[in-house]
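What follows is a short report on a single structure.
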Amino acid sequence: MTEELIQEFDETLARLRDFAKRYKETREEGEKLQSLVAAIQADQKKALRLINEYEKMEKDREKVKEKTSQLLEKLERLRI
7 MTEELIQEFD ETLARLRDFA KRYKETREEG EKLQSLVAAI QADQKKALRL
57 INEYEKMEKD REKVKEKTSQ LLEKLERLRI
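7 is the number of the first residue of the sequence shown in my numbering; add one for each residue after it.
As structure tokens, then:
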């Protein structure tokens, strides 16, 4: 009977150690995933900022094109 209890205790202890090991691995994986999520979110913010800057540059470019066209028209009128 004592041997059976010792064996059962050893098996339970082995299962608990295995559970603790898997728990630690899962926790570490969770931390890695959280780090990846944070990096992805930072990249998304950078991408959004770049998109906004690009759109502003496009608007500025259009304004410059319009202004250049107006100036060329004025110059052409002055030549006439």
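In this text, a Cβ means the ideal position worked out from N, Cα and C, and glycines have one as well.
In this text, all values refer to a predicted model and were calculated from it rather than measured experimentally.
First and last residue of the uninterrupted alpha helix (DSSP H) at residue i
i: residue 7; result: No alpha helix (DSSP H) holds residue 7; DSSP gives it neither H nor E.
Whole-angstrom distance between residue j and residue i, CA atom to CA atom
i: residue 56; j: residue 18; result: 56 Å
i: residue 47; j: residue 82; result: 52 Å
i: residue 30; j: residue 16; result: 21 Å
i: residue 33; j: residue 64; result: 46 Å
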